Amino acid sequence: MLSKKIEKALNDQIRVEAESSQIYLAMACWAEVKGLEGVAGFMYSQSDEEREHMLKLVKFVNERGGHAHISELKAPNVTFKSFKEMFETLFEHEVFVSESINNLVHISLEEKDYATHNFLQWYVAEQIEEEAMARTILDKINMIGNDKGGLYLFDRDIEQITVSTAASDTLE
Ligand code: OFO
1 MLSKKIEKAL NDQIRVEAES SQIYLAMACW AEVKGLEGVA GFMYSQSDEE REHMLKLVKF
61 VNERGGHAHI SELKAPNVTF KSFKEMFETL FEHEVFVSES INNLVHISLE EKDYATHNFL
121 QWYVAEQIEE EAMARTILDK INMIGNDKGG LYLFDRDIEQ ITVSTAASDT LE
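1 is the number of the first residue of the sequence shown in the UniProt record's numbering; add one for each residue after it.
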């Protein structure tokens with residue numbers, strides 16, 4: 001059974017994951033209308049992943065005697081000055097999500113809710129991956145600079161970018 005405090009914190013995280021999904025969906029649309037098909041594909045799948053992160057939390061809350069709360073969401077940014085700015089935003093957003101997960105882990109320990117603590121470890125590992133991936137992408141973007149040919153190759157190859165981290169093995 002979830003304490004009220006944990007239930008509220010998990011519901012706040014459900015909203016964060018849902019907003020993440022919207023943020024990346026807006027990025028996918030921006031990239032698609034700019035003709036960056038690869039970047040758009042990458043963002044569409046990031047958006048789907050965030051929805052899965054949200055659903056995993058929804059099911060966990062409901063299965064543990066709580067009630068997952070589906071709320072209104074903040075409207076995401078829909079335009080960007082450059083694709084570099086877009087990926088910087090993605091990176092900053094993932095850092096924010098990691099802080100939010102860390103805060104949740106902290107509350108689970110305070111509440112002595114070890115089942116929730118255990119459940120959250122998947123998110124801790126996932127955030128290591130997502131931050132590493134965003135950092136790798138930003139490094140590549142900085143290398144490209146204003147080179148149009150570089151951007152063409154980046155757009156072609158982005159969906160193949162995978163990052164292997166020490167946390168990879170713990171993820172499904
Ligand atoms: Fe990319 O954040 Fe979900 O967990």
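Every residue, glycine too, gets a C-beta built ideally from N, C-alpha and C.
Please read these numbers as outputs of a predicted model, since none were measured by experiment.
| query | result |
| --- | --- |
| Give the secondary structure of K5 by DSSP, where H, G and I count as helix, E and B as strand, and everything else as coil. | helix |
| Taking all protein chains shown into account, do 16 or more other C-beta atoms lie within 10 angstroms of the C-beta of residue 179, making it buried, or fewer, making it exposed? | This structure leaves residue 179 out entirely; the chain is present only between 1 and 172. |
| Looking at C-beta atoms only, is the number of pairs between the region 106–113 and the region 128–136 that lie closer than 8 Å three or more? | no |
| Please list the terminal residues of the continuous alpha helix (DSSP H) segment that includes L57. | E37 to E63 |
| Measure the beta-carbon distance from A134 to F91 and round it to whole angstroms, keeping in mind my assumption that it falls under 8 Å. | 4 Å |
| Suppose you measure from the CA of D12 to the CA of R64; what does that come to, to the nearest Å? | 16 Å |
| For S98, does the three-state DSSP call read helix, strand or coil? | helix |
| Express the C-alpha separation of K4 and E32 in angstroms, rounding to a whole number. | 42 Å |
| How would you write the range of the alpha helix (DSSP H) that A125 sits in, first residue to last? | Y114 to I144 |
| How would you label I107, buried or exposed, when you count the other beta carbons within 10 angstroms and need 16 or more for buried? | buried |
| Going by C-alpha distance, which of E17, R15, M1 and Q46 is nearest I158? | Q46 |
| Under 9 Å, do L104 and A9 count as touching if we go by C-beta distance? | yes |
| Let's test the definition: count the other Cβ atoms within 10 Å of the Cβ of D147 and tell me whether it reaches 16, buried, or not, exposed. | exposed |
| Measure from the alpha carbon of E50 to the alpha carbon of each residue in L138, Y123, H117 and G35, then state which is nearest. | Y123 |
| In terms of alpha-carbon separation, which member of S98, D155, Q121 and H69 lies closest to I14? | H69 |
| Going along the chain, which residues of its own chain have a beta-carbon closer than 8 Å to the beta-carbon of G38, five neighbours each way excluded? | F154, D155, R156, D157, I158 and E159 |
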